[in-house]
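A.B. asks:
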Amino acid sequence: MSDEKTIAEASAKSSSENAVHELAPPLNYVYKLDLRLIPILGATYTILFLDRTNSMSITLLIVALRANSLNMPSNGYNTCLWIFFIPFVLIEIPSNMIMGLPRVKPNVFLGLNMLVLGVIATCQGLTHTYGGLLALRFLMGIFEATLPAGAAYLIGEYYTRRESALRFAMFFTFGILGPCISGLLAFAIRNMDGINGKEGWRWIFILEGLVTIAISSLVFLIVPNFPEKSHFLSPAEKTHLLDKLRRDKGDQKLSLKHVNWIKVLSDYRIWFPTLMFFCCDMTAASMSSFIPTILTELGWKAAKAQVMSIPIWATGIVSQLFACWVSGRIGWRFPFVLLGITFATIGWIIQNVYCNERGLAPGVRYFSLFSMSMGTFIQMAMLTSWMTNNLRGRASIGVGTAIILGLGNCANFVASNVFIKTEAPFYPTGFRTGLGLTIVGAGICLVYVALLWWHNKKLDRKRKQVGGEDDQVEYRYQY
């Protein structure tokens with residue numbers, strides 16, 4: 001109850017002013033929040049995507065050597081992918097619940113997990129057995145799961161609905177940097193093959209692990225506690241922040257005690273955005289499968305192809321930030337989700353035309369990658385923000401961010417199995433699956449908007465009859 005009292009006391013100090021106006025902040029401390037939260041938490045997401053896109057780097061550099069040096073079976077590559085995602089999905093909800101406990105500090109929790117993750121990542125480059133690699137991938141799934149969900153959990157607690165879209169876009173931007181860095185890393189390390197008797201792919205993992213360890217030290221030092229327990233703001237700034245959050249989200253239940261977990265876990269406001277996230281993540285997860293093929297068809301060799309993939313991801317960064325900035329200004333989410341789905345659909349249609357006609361110019365397919373990048377990354381940030389905007393209470397936000405970034409990322413399971421190497425470079429199964437899931441995502445979005453609209457209409461009718469205002473239990477949903 002102490003956390004709730006903290007917010008109540010802070011709010012009481014300015015209640016008279018809030019009756020007419022929003023409390024004027026002592027200074028524009030939102031930038032202070034941004035600098036303290038987004039870069040370091042975003043770096044944790046960069047690590048996730050860097051590890052995920054290492055598969056593309058290894059494919060381009062030394063697939064054959066990797067298989068030989070570890071005595072890997074024919075299906076070993078896919079096994080290394082899915083054995084990572086099993087714990088990744090299962091751990092995220094318990095992880096966020098642990099981080100939300102009163103005695104647990106986010107910087108210590110996330111920092112320890114990142115430190116262990118860095119050690120495990122380094123060991124991937126040192127293992128000499130296939131069984132050892134599988135064990136390390138499984139452990140990586142456990143400790144990596146805590147990072148993106150915990151980071152999104154903390155961001156969702158610090159910002160209002162108006163502010164959150166752009167902040168989640170900044171957060172996901174750091175994730176998109178993973179493929180960019182991965183491309184540069186592979187380009188730089190490809191000549192390290194043989195140094196100290198180690199293959200080049202080993203150096204990718206070793207250096208990634210060392211970088212992760214270095215960043216973990218910054219997590220310990222920089223990541224703040226939850227808003228009501230934070231110490232990096234001045235008393236006036238903290239008072240204003242807590243009051244602003246209360247007026248935006250109501251008197252949220254901060255304790256994880258006496259929570260109706262069945263209701264939380266079955267909340268359609270969590271599952272609809274998660275299903276949409278899964279559908280859009282199919283595009284992001286699939287692109288690494290066929291980007292190398294398209295770039296090499298344009299005449300670029302492996303090293304240059306890695307570098308030329310960077311503009312594709314950069315386009316996703318710019319479009320995501322701009323769309324979320326506009327969305328925060330006008331207060332709408334679903335039109336931008338549908339816009340992202342449209343861009344992704346255009347890209348998938350081009351790939352399917354190539355798959356069927358097999359005469360499409362590589363330049364047209366290269367253009368499709370930009371369209372897909374724009375579409376998928378606009379959706380990711382928007383969906384996460386949309387979900388947290390419609391939830392109340394620390395338990396719901398913790399579970400929601402864990403599910404959307406856990407199960408929502410399971411499209412990697414699908415992508416790793418539908419892009420069949422024997423079907424390269426046309427990948428009919430993969431392209432049709434991607435297009436189908438993108439269209440399904442559009443249908444889910446429309447159904448979700450209809451449910452939110454119906455809820456708001458029903459609440460409006462009730463308010464006309466008996467009055468009332470938004471609170472922890474009854475409030476209008478954002479769409």
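All residue numbers for the sequence shown refer to the UniProt record's numbering, where the first residue is 1 and numbers rise by one. C-beta atoms are modelled at their ideal positions from N, C-alpha and C, and glycine is treated no differently. Only a predicted model underlies this, so the values are computations on that prediction, with no experimental measurement involved.
In its own chain, which residues sit with a C-beta less than 6 Å from the C-beta of residue 402, not counting the 5 before and 5 after it?
C.D. replies: 92, 93, 96 and 149
A.B. asks: In terms of residues, what are the limits of the alpha helix (DSSP H) holding residue 251?
C.D. replies: Run containing residue 251: none; DSSP gives neither H nor E here.
A.B. asks: For residue 466 and residue 50, I'd like the C-alpha separation in whole angstroms.
C.D. replies: Approximately 54 Å between the Cα atoms of the pair.
A.B. asks: From residue 206 to residue 114, what does the alpha carbon distance come to, in whole angstroms?
C.D. replies: 15 Å
A.B. asks: Tell me the rounded alpha-carbon separation between residue 254 and residue 159.
C.D. replies: 15 Å
A.B. asks: Would DSSP call residue 6 helix, strand or coil?
C.D. replies: Low per-residue confidence applies at residue 6: pLDDT is 48, beneath 50, and the placement is therefore not dependable enough to give any value.
A.B. asks: Using CA atoms only, rank isn't needed, just tell me which of 368, 404, 367 and 126 is closest to residue 380.
C.D. replies: 404
A.B. asks: Hey, could you find the ends of the alpha helix (DSSP H) residue 267 is sitting in?
C.D. replies: Counting along the chain, residue 267 falls outside any alpha helix (DSSP H), and DSSP gives it neither H nor E.
A.B. asks: Could you name each continuous alpha helix (DSSP H) segment of 4 residues or more that falls completely within the segment 414 to 466, going from the start of the chain to the end?
C.D. replies: 428 to 466
A.B. asks: In terms of residues, what are the limits of the alpha helix (DSSP H) holding residue 394?
C.D. replies: From DSSP, the alpha helix (DSSP H) with residue 394 extends over 394 to 406.
A.B. asks: In whole angstroms, give me the CA-to-CA distance for residue 480 and residue 417.
C.D. replies: Summary: the structure shown does not reach residue 480, with the chain confined to residues 1 through 479, and so no result is reported for it.
A.B. asks: Which of the three DSSP states is assigned to residue 304 in this structure?
C.D. replies: helix
A.B. asks: Figure out for me which residue from 38, 275 and 140 has the closest Cα to the Cα of residue 400.
C.D. replies: 275
A.B. asks: Could you say if the segment 131 to 142 and the segment 349 to 356 meet the contact criterion of at least three C-beta pairs nearer than 8 Å?
C.D. replies: no
A.B. asks: Can you have a look at residue 239 and say buried or exposed, based on whether 16 or more other CB atoms are within 10 angstroms of its CB?
C.D. replies: buried
A.B. asks: Going by DSSP, what residue range makes up the alpha helix (DSSP H) through residue 327?
C.D. replies: 310 to 330
A.B. asks: I need the straight-line Cα distance from residue 436 to residue 316, nearest angstrom please.
C.D. replies: When only Cα atoms are considered, residue 436 and residue 316 end up about 21 Å apart.
A.B. asks: Along the chain, which unbroken stretches of the beta strand (DSSP E) at least 3 residues long are found entirely within the segment 367 to 392?
C.D. replies: Secondary structure remark: continuous beta strand (DSSP E) runs of at least 3 residues inside the segment 367 to 392: none found.
A.B. asks: What residue range is occupied by the uninterrupted alpha helix (DSSP H) comprising residue 192?
C.D. replies: Taken as a continuous stretch (DSSP letters only), residue 192 belongs to no alpha helix (DSSP H), as it is neither H nor E.
A.B. asks: Quick check: the Cα distance between residue 373 and residue 283, rounded to an integer number of angstroms?
C.D. replies: Rounded to whole angstroms, residue 373 to residue 283 spans 8 Å at the Cα level.
A.B. asks: Which stretch, first to last residue, makes up the alpha helix (DSSP H) that contains residue 148?
C.D. replies: 130 to 158
A.B. asks: Can you give me the C-alpha to C-alpha distance between residue 368 and residue 342, rounded to a whole angstrom?
C.D. replies: 12 Å
A.B. asks: Rounded to the nearest angstrom, what separates residue 168 and residue 242 at their Cα positions?
C.D. replies: 20 Å
A.B. asks: Within the present structure, is the beta-carbon of residue 220 separated from the nearest heavy atom of the ligand GDP by less than 6 Å?
C.D. replies: The model on display carries no ligand, and the ligand GDP is accordingly not part of it.
A.B. asks: Sort 83, 297 and 461 by Cα distance to residue 135 and report the nearest one.
C.D. replies: 83
A.B. asks: Taking all protein chains shown into account, do 16 or more other C-beta atoms lie within 10 angstroms of the C-beta of residue 234, making it buried, or fewer, making it exposed?
C.D. replies: By the beta-carbon neighbour count (other beta carbons within 10 angstroms, threshold 16), residue 234 is exposed.
A.B. asks: Starting from residue 111, trace the alpha helix (DSSP H) both ways and give me its first and last residue.
C.D. replies: 106 to 124
A.B. asks: Go ahead and pull the three-state DSSP assignment for residue 232.
C.D. replies: coil
A.B. asks: How is residue 62 classed by DSSP in three states: helix, strand or coil?
C.D. replies: With a pLDDT of 40 at residue 62, under the threshold of 50, the modelled position of this residue cannot be trusted; read the value that follows with caution. Residue 62: helix per DSSP, three-state reduction.
A.B. asks: Can you tell me the Cα-Cα spacing of residue 229 and residue 318, whole angstroms?
C.D. replies: 34 Å
A.B. asks: Are residue 42 and residue 397 closer than 7 Å when you measure CB to CB?
C.D. replies: Residue 42 places its beta carbon 7 Å or farther from that of residue 397.
A.B. asks: Within this structure, are the beta carbons of residue 328 and residue 165 separated by less than 7 Å?
C.D. replies: yes
A.B. asks: Helix, strand or coil for residue 474? Go by DSSP, reduced to three states.
C.D. replies: coil
A.B. asks: Within its chain, find whatever has a CB closer than 6 Å to the CB of residue 383; leave out the 5 residues flanking it on each side and keep chain order.
C.D. replies: Non-local beta-carbon contacts of residue 383 in its own chain, meaning distances under 6 Å to residues more than five positions away in sequence, involve 273, 276 and 277 in chain order.
A.B. asks: What three-state label does DSSP hand residue 45 in the structure shown?
C.D. replies: helix
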